[in-house]
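Visitor: Input: one structure, supplied below.
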Amino acid sequence: MAKTTFDLPARGTVSEVVLTKKSPKQADVLLIGLFSGEDSAELPANEAFDDASARAAYEALTAVGATGKANEVTRIPAPDKVKADQVVAVGLGDPEDFDDETMRRAAATAIRALSGEETVVTTLGEQALGAAVEGLILGSYSYSGLRSEEDEDPTRQTVHVLADARDKEIKEEFTVAQITAESVVLARDLVNTPSSHLYPESYAELLSAEGTKNGLKVEVLDEKELEKQGFGGLVSVGGGSSRPPRLVRLTWSPRRSASKVALVGKGVTFDTGGISLKPPAKMENMISDMGGSAAMVGAVIAAARLSLPVEVTATLPLAENMPSGTATRPGDVITHYGGLTSEILNTDAEGRLVLADAIARASEDDPEYLIETSTLTGAQLVALGARTAAVMGSDEFRDRVAETGRAVGENAWAMPLLEEHEEEIKSPVADIRNTHNSRNGGMLFAGTYLSKFVGEDIEWAHIDIAGPSWNDGGAKGYTPKRATGSPVRTVVAVLRELADKK
122 MAKTTFDLPA RGTVSEVVLT KKSPKQADVL LIGLFSGEDS AELPANEAFD DASARAAYEA
182 LTAVGATGKA NEVTRIPAPD KVKADQVVAV GLGDPEDFDD ETMRRAAATA IRALSGEETV
242 VTTLGEQALG AAVEGLILGS YSYSGLRSEE DEDPTRQTVH VLADARDKEI KEEFTVAQIT
302 AESVVLARDL VNTPSSHLYP ESYAELLSAE GTKNGLKVEV LDEKELEKQG FGGLVSVGGG
362 SSRPPRLVRL TWSPRRSASK VALVGKGVTF DTGGISLKPP AKMENMISDM GGSAAMVGAV
422 IAAARLSLPV EVTATLPLAE NMPSGTATRP GDVITHYGGL TSEILNTDAE GRLVLADAIA
482 RASEDDPEYL IETSTLTGAQ LVALGARTAA VMGSDEFRDR VAETGRAVGE NAWAMPLLEE
542 HEEEIKSPVA DIRNTHNSRN GGMLFAGTYL SKFVGEDIEW AHIDIAGPSW NDGGAKGYTP
602 KRATGSPVRT VVAVLRELAD KK
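First residue of the sequence shown? That's 122 in this note's numbering, and the numbers climb one at a time after it.
This is the structure we're talking about:
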């Protein structure tokens, strides 16, 4: 019997968002934007209303207290001649402060409030089309997981975004936003999958299928080939588990390329800390320790679906960090891919070990740029909190990546690599050591460690998403509970910028 290809045991659902020039004959809801003014709400010009229905809608909205405050959701019965049962207005705040991020959050908040409505028509695209589409898709995301009883008849929601679908620029903006958001959804699904189902072998199998489906070249190395080729970091981290490691490479090769970019993402499918065992509290969240790899999967698939003129290879080290008789011990010395040796002081500083191998391998392709992302250090949360990623690397490219992250709503801040860490990283028994056993600057030390494996003349950036990749709180804006899909949108935006550079 032929082997069945692994698929995720559950996937999240999102609203179907379509671009349309005309409203359907009848909708459940007409979703509109409402600005806040000095004295009262302001209703922007809206092609779904004639003058009479616009006045009627405005009067009804203000009568029930709508102010246009950002993310405020107000429902009223639809005026005559409006092809919907009801009108829902979402606040967009002060028009002078309005930007894409305001729209993303507002659209997401509104669509989550409309989860039971089957047909929604919206004019939000008139204010910011791409941001509205991203907000609608990402805000509608729902992941029910593996349950014995499922909703027998879930409501399938279609959102019709009113705009001129024949206009080339409008259609392109819609498509970019849709594909980018769908790539975030894929990353969320991967991270939300429990480690009982998603482990190195099954993960590699899934990535192979996803890559082939999207026109990518796929390469998978198993534990024997990893040992043979000298991937000492990956073999070391995966050595304590009965489920051995894998290295997956997904390549998008367009006919013409403006740049050559390497992507690297940490894929530790579960992290116990190994011999340096983590405290048990909230260890279940360590299913998210492969969030960096999931983000880079989303990004390389987006590059292919958008046909970006950039050659992109995602190198993804996959391992499970477990304690056992075959696990790496503190004090061991390992040899990384490329020959650099590393003394292991703490086996819970394992992400940098697998990333080191992957970065060294990715550098062999001579890319102009290398972007790596990982749920790497708890120190990132201490330094910047749960929602702001830290970015280290080449000064100019690091700053560019951080700025792009902020522009797309994935907060990021550029951080330095410290001179003193160059001395502290030295080991008495190896080239370097994997941690300095200090509370000070742990996030930056990890960046210094990774820098030792980046090839010469490569502009690079390391994005630490230990906090931003996972949301322990409730849904807010377009950020759901659990997996967020960060920083897919940042990486896709950088790739699009690099595609336009020549």
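Note that the Cβ used here is the ideal one computed from N, Cα and C, for glycine as well.
What does the alpha-carbon distance come out to for the pair Asp-218 and Glu-238?
Guide: For the purposes of this step, residue 218 is identified with residue 97 of the sequence shown, where counting begins at 1. For the purposes of this step, residue 238 is identified with residue 117 of the sequence shown, where counting begins at 1. If you take the alpha carbons of Asp-218 and Glu-238, they lie about 30 Å apart.
Visitor: Beta-carbon within less than 6 Å of Ala-415's beta-carbon, same chain only, minus the 5 sequence neighbours each way: which residues are those?
Guide: Residue numbering aside, residue 415 sits at position 294 when the sequence shown is read from its first letter. Counting only Cβ-Cβ distances below 6 Å, and skipping sequence neighbours, we find Ala-308, Leu-311, Val-312.
Visitor: Beta carbon of Tyr-262, beta carbon of Pro-601: below 9 Å?
Guide: Position 141 of the sequence shown holds residue 262. Position 480 of the sequence shown holds residue 601. Going by C-beta atoms, Tyr-262 is nearer than 9 Å to Pro-601.
Visitor: Of the residues Thr-301, Ala-162, Val-356, Thr-223, which one's Cα is nearest the Cα of Glu-180?
Guide: As a working mapping, residue 180 is identified with position 59 in the sequence shown. When each option's Cα is compared against that of Glu-180, the closest is Ala-162.
Visitor: Can you list, in chain order, the residues of its chain whose CB lies under 6 Å from that of Ile-258, leaving out five sequence neighbours each side?
Guide: Position 137 of the sequence shown holds residue 258. Cβ neighbours of Ile-258 beyond the five flanking positions: Val-135, Val-138, Ala-302.
Visitor: My assumption, with CB atoms under 8 Å, is that Leu-368 sits in contact with Leu-398. Please give the rounded CB distance.
Guide: What you label residue 368 is simply residue 247 of the sequence shown in a count that begins at 1. What you label residue 398 is simply residue 277 of the sequence shown in a count that begins at 1. Their Cβ separation, rounded to whole angstroms, is 26 Å, which puts Leu-368 and Leu-398 out of contact at 8 Å.
Visitor: Evaluate Arg-176 with the Cβ neighbour count: other Cβ atoms within 10 Å of its Cβ, from every protein chain shown; 16 or more gives buried, anything less gives exposed.
Guide: Position 55 of the sequence shown, counted from the first residue, corresponds to residue 176. It counts as exposed.
Visitor: Among Gly-189, Leu-250, Ala-210, Asp-221, whose alpha-carbon lies nearest the alpha-carbon of Ala-234?
Guide: Mapped onto the sequence shown, residue 234 falls at position 113. Comparing Cα positions, the closest option is Ala-210.
Visitor: With Glu-441 as the anchor, note down where its beta strand (DSSP E) starts and where it stops.
Guide: Here residue 441 is taken as the residue at index 320 of the sequence shown, counted from 1. Note, Glu-441: beta strand (DSSP E), 431-442.
Visitor: Based on Cα-Cα distance, which residue from Gln-278, Gly-214, Phe-295 lies nearest to Ala-286?
Guide: To locate residue 286, count along the sequence shown from 1; it is residue 165. Nearest option by C-alpha distance: Phe-295.
Visitor: Quick check on DSSP: helix, strand or coil for Asp-128?
Guide: The residue labelled residue 128 in the question sits at position 7 within the sequence shown. Three-state result, Asp-128: coil.
Visitor: Judging by CA-CA distance, which residue of Gln-207, Thr-188, Glu-159, Leu-182 is the nearest neighbour of Leu-151?
Guide: Within the sequence shown, numbered from 1, the residue matching residue 151 stands at position 30. Taking only the C-alpha atoms, the option nearest Leu-151 is Gln-207.
Visitor: With three or more C-beta pairs closer than 8 Å as the rule, is the stretch 399-412 touching the stretch 355-370?
Guide: Output reads no: the stretch 399-412 does not touch the stretch 355-370.
Visitor: Whose C-alpha, out of Leu-213, Ser-174, Ser-378, is nearest the C-alpha of Thr-188?
Guide: Here residue 188 is taken as the residue at index 67 of the sequence shown, counted from 1. The residue with the shortest Cα to Cα distance from Thr-188 is Leu-213.
Visitor: Confirm, please, whether the CB-CB distance from Tyr-490 to Ala-383 is below 9 Å.
Guide: Indexing the sequence shown from 1 puts residue 383 at position 262. Indexing the sequence shown from 1 puts residue 490 at position 369. Cβ atoms of Ala-383 and Tyr-490: closer than 9 Å.
Visitor: Between the beta-carbon of Ala-191 and the beta-carbon of Thr-141, is there less than 9 Å?
Guide: Along the sequence shown, one-based indexing puts residue 191 at 70. Along the sequence shown, one-based indexing puts residue 141 at 20. No, the Cβ-Cβ distance between Ala-191 and Thr-141 is not below 9 Å.
Visitor: Closest to Asp-516 by C-alpha separation, out of Pro-537, Leu-502, Pro-130, Gln-147, would be which residue?
Guide: As a working mapping, residue 516 is identified with position 395 in the sequence shown. Of the listed residues, the one whose Cα sits closest to Asp-516 is Pro-537.
Visitor: Let's test the definition: count the other Cβ atoms within 10 Å of the Cβ of Leu-250 and tell me whether it reaches 16, buried, or not, exposed.
Guide: Your numbering for residue 250 matches position 129 in the sequence shown. Buried.
Visitor: Can you look up Gln-207 in the DSSP assignment and give me helix, strand or coil?
Guide: On the sequence shown, position 86 is the one that residue 207 refers to. Residue state, collapsed to three classes: strand.
Visitor: From the DSSP output, which residues share a beta bridge with Met-513?
Guide: For the purposes of this step, residue 513 is taken as the residue at position 392 of the sequence shown. Note: Met-513 sits in a beta bridge opposite His-583.
Visitor: Going by beta-carbon coordinates alone, are Phe-574 and Leu-461 separated by less than 9 Å?
Guide: Mapped onto the sequence shown, residue 574 falls at position 453. Mapped onto the sequence shown, residue 461 falls at position 340. Taking 9 Å as the Cβ cut-off, Phe-574 and Leu-461 qualify as a contacting pair.
Visitor: Indicate whether Gln-278 and Val-306 have their beta-carbon atoms separated by less than 9 Å.
Guide: By 1-based counting over the sequence shown, the position of residue 278 is 157. By 1-based counting over the sequence shown, the position of residue 306 is 185. Not closer than 9 Å, so no.
Visitor: When the distance is taken between beta carbons, is Pro-165 closer than 9 Å to Lys-204?
Guide: Here the question's residue 204 lines up with position 83 in the sequence shown. Here the question's residue 165 lines up with position 44 in the sequence shown. It is not a contact, given that the beta carbons lie outside the stated cut-off.
Visitor: Check whether the stretch 505-522 touches the stretch 431-445, taking contact to mean three or more Cβ pairs, one atom from each stretch, closer than 8 Å.
Guide: Judged by Cβ distances under 8 Å, the stretch 505-522 makes no contact with the stretch 431-445, as fewer than three pairs qualify.
Visitor: So, is Ala-173 buried or exposed, given that buried needs 16 or more other C-beta atoms within 10 angstroms?
Guide: Reading the sequence shown from its first residue, position 52 is the one you call residue 173. With fewer than 16 Cβ atoms within 10 Å of its Cβ, Ala-173 is classed as exposed.
Visitor: Give me, in chain order, the residues of the same chain whose beta-carbon lies closer than 6 Å to that of Ala-479; leave out the 5 immediate sequence neighbours on both sides.
Guide: Here residue 479 refers to the residue found at position 358 when the sequence shown is read from its first residue. Cβ within range, chain order: Val-385, Thr-436, Pro-438.
Visitor: Under a three-way DSSP split, which group does Ala-123 fall into?
Guide: Locating residue 123 in the sequence shown gives position 2, counting from the first residue. Residue placement at Ala-123 is poorly supported in this model, since its pLDDT is 47, which falls under 50; the coordinates are not used for a value here.
Visitor: Let's see if you can read the secondary structure: which residues bound the alpha helix (DSSP H) around Ile-232?
Guide: For the purposes of this step, residue 232 is identified with residue 111 of the sequence shown, where counting begins at 1. Run containing Ile-232: 221-234, per the alpha helix (DSSP H) assignment.
Visitor: Cβ of Ile-586 within 9 Å of Cβ of Ser-607?
Guide: Translated into the one-based positions of the sequence shown, residue 586 becomes position 465. Translated into the one-based positions of the sequence shown, residue 607 becomes position 486. Result yes, Cβ atoms of Ile-586 and Ser-607 sit closer than 9 Å.
Visitor: Beta-carbon within less than 6 Å of Met-417's beta-carbon, same chain only, minus the 5 sequence neighbours each way: which residues are those?
Guide: The residue given as residue 417 occupies position 296 in the sequence shown. Taken in chain order, the residues that qualify are Leu-384, Gly-386, Ala-435.
Visitor: Grouping DSSP H, G and I as helix and E and B as strand, with all else coil, what is Asn-467?
Guide: Indexing the sequence shown from 1 puts residue 467 at position 346. Coil.
Visitor: Taking only the alpha-carbon atoms, compute the straight-line gap between Asn-335 and Ala-483 and give it to the nearest angstrom.
Guide: Here residue 335 refers to the residue found at position 214 of the sequence shown. Here residue 483 refers to the residue found at position 362 of the sequence shown. Between Asn-335 and Ala-483, the C-alpha separation is close to 21 Å.
Visitor: Based on the DSSP secondary-structure assignment, which residues constitute the bridge partners of Lys-67?
Guide: Nothing about residue 67 can be read from this structure; the chain reaches only from 122 to 623.
Visitor: Mind checking whether Thr-390 and Leu-319 have CB atoms under 9 Å apart?
Guide: Working through the sequence shown from its first residue, we reach residue 390 at position 269. Working through the sequence shown from its first residue, we reach residue 319 at position 198. Result yes, Cβ atoms of Thr-390 and Leu-319 sit closer than 9 Å.
Visitor: Tell me the rounded alpha-carbon separation between His-330 and Arg-132.
Guide: The residue labelled residue 330 in the question sits at position 209 within the sequence shown. The residue labelled residue 132 in the question sits at position 11 within the sequence shown. His is not the amino acid found at residue 330; the sequence shown has Ala there. Going by the C-alpha atoms only, they are around 16 Å apart.
Visitor: Using the beta-carbon count (16 or more within 10 Å), is Ala-184 buried or exposed?
Guide: Residue numbering aside, residue 184 sits at position 63 when the sequence shown is read from its first letter. Its Cβ having fewer than 16 others within 10 Å, Ala-184 is exposed.
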